[in-house]
């Protein structure tokens, strides 16, 4: 790292044993990371912390790895989860309605999907089965190229240990490449 911050850092994704690389516009098949922030690197204005924040944003949009498929038989839903598990009953069991509470029909909706009906609206309201407002047509997530980093402050999810481990990994990779080049030249 004798050239940092004068030169752009080389960033790589190294998957664990049970993960595989997912090639995207941010990561190639060797795991090398390509981000606009790296291409716009300036020695006096760019920081590793901001680079990691850009990676968090980009990899949140397009994860660079995925789980390798396992050969064991697993249910298509998590076991012992907070989510309800499917049961053998096609129709819900409904107790008699109590005073002051709206009742739910004990039959499936016309869509035949396992979603509950909206029920009847409160008196005086208009019966619309849509949301009470129109959601905006724009996505709430910024594009990776429009990411504007916040101030450089410690205390986010990235600690000095993370940065140190990342730098150490980059130095090890660089040394491995140089040793490999030298050994190939000597042959």
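Residue numbers (UniProt numbering): 1 to 187. Heads up, the beta-carbon is just placed ideally off N, CA and C, and yes, glycines get one too. In this text, all values refer to a predicted model and were calculated from it rather than measured experimentally.
- Between residue 175 and residue 70, the alpha-carbon positions lie close to 35 Å from each other.
- Among the bridge pairs identified by DSSP, residue 12 is matched with 32.
- The continuous alpha helix (DSSP H) containing residue 171 extends over residues 160–186.
- In the assembly as shown, residue 37 is a buried residue. Its beta-carbon has 16 or more other beta-carbons within 10 Å.
- Nearest to residue 7 by alpha-carbon distance, out of 24, 48 and 15, is 48.
- The C-beta of residue 53 has 16 or more other C-beta atoms within 10 Å across all chains shown, which makes the residue buried.
- For residue 65, there is no enclosing alpha helix (DSSP H); the enclosing beta strand (DSSP E) has its first and last residue at 65–67.
- Sequence-distant partners of residue 63 (beyond 5 residues in either direction) whose C-beta falls short of 7 Å from its own C-beta, in its chain, are 22.
- In the three-state reduction of the DSSP assignment, residue 21 falls in the strand class, which pools E and B.
- Rounded to whole angstroms, the separation of the alpha carbons of residue 159 and residue 2 is 22 Å.
- Counting along the chain, the unbroken alpha helix (DSSP H) around residue 50 starts and ends at 48–61.
- By the 16-neighbour rule on beta-carbons within 10 angstroms, residue 51 is buried.
- About 6 Å separates the Cβ atoms of residue 10 and residue 170, confirming a contact at the 8 Å cut-off.
- For the pair residue 66 and residue 162, the Cα-to-Cα distance works out to about 21 Å.
- Here the alpha carbons of residue 5 and residue 13 stand approximately 20 Å from one another.
- Each residue's CA atom was taken as its position, placing residue 185 and residue 178 some 10 Å apart.
- Per the coordinates, the alpha-carbon of residue 29 lies some 10 Å from the alpha-carbon of residue 20.
- Here the alpha carbons of residue 39 and residue 33 stand approximately 11 Å from one another.
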